[in-house]
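Counting in this note's numbering, the sequence shown runs from 13 upward without gaps.
Idealized CB from N, CA, C, for every residue including glycine.
No experiment lies behind these values; they were computed from the predicted model shown.
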Amino acid sequence: MIKTFFLCVGVCAFSGVLVGQTLPKPAQEHRTISQVLDRAITLTEKEFVPAADAMPEDKYGFAPTNGEFKDVRTFAQQIKHTAAVNYEFGAAILAEKPPIEVGDEDGPESVKSKAEIMKFLNDSFAYLHKAVGTINEKNVVEPLKSPFGEGTVTRLGMST
C-alpha cells in the first residue's frame with residue numbers, strides 16, 4: 013500500500029515536468045513603441061471613462077469644500093480638464109493645434125451636460141490614440157514645442 017502511494021506521488025510529481033517539456037513555448041511578440049504607449053493609454057481610459065460615466069449627472073457639480081479642498085474643480089470640471097489635456101497632449105504629439113477649443117485646460121464652455129462631457133472625454137481619448145499611433149523609433153524623442161509654455165518636449169514625454 014505504501015509503495016503504491018509513493019508510486020502515485022512520484023508519477024504525479026514528474027508528470028508536470030513531462031507535460032511542461034512537450035508544450036510549445038509561445039513566440040516572443042515584438043511590440044512597437046506606439047503599441048506599448050497605446051496600451052498604457054488604453055489602460056488609463058478603461059479605468060477613467062467608466063468612473064466618469066458611473067457618476068450620476070446630478071452629482072457632476074460635486075466638489076469637496078472642507079479643509080484644503082476650497083476652490084477645487086467640480087467633478088465635471090475635472091473630467092473636462094482631463095479631456096482638454098488629452099487633446100493638448102495629442103496635438104503636441106502630432107505637432108498641430110488641438111482640433112477643438114480646450115480653453116485654459118478646462119475645455120469648451122458649451123460642453124455642460126453629462127452626455128456632452130462624456131462625448132468630449134471619449135473623443136479626447138480617440139484623438140490621443142490617433143496621435144500615439146504616429147510615434148515611431150525615429151520621432152519618439154524628437155524635440156517638439158511644449159504646449160504648456162516655453163521649451164520643448166518629446167513625443168515620449170507627452171504620451172507617458
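| Asked | Found |
| --- | --- |
| Counting beta carbon pairs with one atom in the segment 129 to 147 and one in the segment 75 to 95, are three or more of them shorter than 8 Å? | yes |
| Within 10 angstroms of the Cβ of Val-123, are there 16 or more other Cβ atoms? Answer buried if so, exposed if not. | buried |
| With distances taken between CB atoms, is the gap from Val-158 to Leu-49 smaller than 8 Å? | This sequence places Ser at residue 158; Val is not what is there. Not a contact, by the Cβ cut-off of 8 Å. |
| Report yes if the CB atom of Ala-107 is closer than 8 Å to the CB atom of Leu-55, and no otherwise. | no |
| Gly-79: buried (16+ other C-beta within 10 angstroms of its C-beta) or exposed? | exposed |
| Can you give me the C-alpha to C-alpha distance between Ser-46 and Arg-85, rounded to a whole angstrom? | 32 Å |
| For a test of the three-state rule: what should DSSP assign to Met-170, helix, strand or coil? | helix |
| Suppose you measure from the CA of Ala-64 to the CA of Val-152; what does that come to, to the nearest Å? | 31 Å |
| For my contact list, Gln-89 and Asp-118 are in at a C-beta cut-off of 8 Å; report their separation, rounded to the angstrom. | 7 Å |
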